[in-house]
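Counting in my numbering, the sequence shown runs from -8 upward without gaps.
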Amino acid sequence: MRHVPGVIQSVSLLALTSELFNKTNIINLPEGAKYSIQDTLNVIFHAATSTTNSIESASIDLQIKNPDKKVQSGDSIHDYINSNSIDYIMSSFRQINNEIIHIANLKGTNQDAAIDFHDIPYYGDKDTPGVRGIKPKNGTSWGYSFCSLDIIGDIKLTLEVIGINGLAKNYSVLIESMMQRLKAMEINLRILYMDREFFNSPTISTLHRLNKNYIIAAKSNKKINGILLEHKKKFGQTSTIFKYRFEKGGPTFNIVAILNQNIIQMTKRIRETMNTIYLQQISQ
């Protein structure tokens, strides 16, 4: 959980965290462990509610803030969790999420959401199950890759995670799977936001078939650059909205080309256009 919904903030977050985790056996303390389950949850809770972005950094941060108190390391906590199978971890994640959705009264609500890819670098044997080729990062081109669905806005909550094991990403299957999961949670999608990696025909075709509203960051190509050049010749260096499609017979959508200095004005125009919109940033 990235940011706990406001309705949950009225209760003791730590007590709620303990209650939710205790409904599963996702944290397995070894026999004779010198740290309790509550000590473990303290670190996890700090990682989820502070500016730290990992269990490791949360552990270090707590050690700095409490130099007289021993705080278990991030590696130990990962060992406690990783003793489970991936299937059980995902099952526990979904069980806890269902509890949060119920407590926060999210069923039946309209929410904006985002889908994104995430890579975690791996430095061991590249034949390890689940490891795949990723964009080179921190000295390795191998790692774990997954796709997440998150509620964004006032409420921020990761709703689903799907592992990417193959060499190619099947955008149609991923989008459809995420939308099925959202429907199962009984949460209504208002607008789906995605970065430029999703600027492709399979994504657009699937979203149109499912009748979903979306905003995606666009990538320039020869065709788009040609359209922008023609616009510049006729109207000068100004923002514009134009219709576009990847291939004949494919769905038509809007591309919004925003000049940096005209972002506020164009934002007003975007709200008055069709629900299916792409964003394209152009330089001055």
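For glycine and all other residues, C-beta sits at the position ideal for the given N, C-alpha and C. On a predicted model such as this, the values are computed, not experimentally measured, just so you know.
The way I'd put it, the region 21 to 36 doesn't touch the region 83 to 93; fewer than three beta-carbon pairs between them come closer than 8 Å.
Within the DSSP bridge table, the entry for residue 151 names 140 as partners.
Residue 173 sits in a helix when the DSSP states are folded into three classes. Excluding its 5 nearest sequence neighbours in each direction, residue 75 has C-beta neighbours in its own chain below 8 Å: 16, 17, 19 and 83, listed in chain order. In the DSSP assignment, residue 102 falls within the beta strand (DSSP E) that extends over 101 to 112. Taking the Cα positions, residue 155 is about 13 Å away from residue 166. Assignment of residue 135 by DSSP, reduced to helix, strand and coil, places it in the strand class. Note that the C-beta distance between residue 187 and residue 159 is not below 9 Å. Between the alpha carbons of residue 147 and residue 141 lies a distance of about 7 Å. DSSP places residue 203 outside both helix and strand once states are collapsed to three, so it counts as coil. Less than 9 Å separates the beta-carbon of residue 218 from that of residue 233. For residue 123, the pairing in a beta bridge is given by DSSP as 134. Measuring C-alpha to C-alpha distances from residue 63 to each of 50, 195, 119 and 127 identifies 50 as the nearest.
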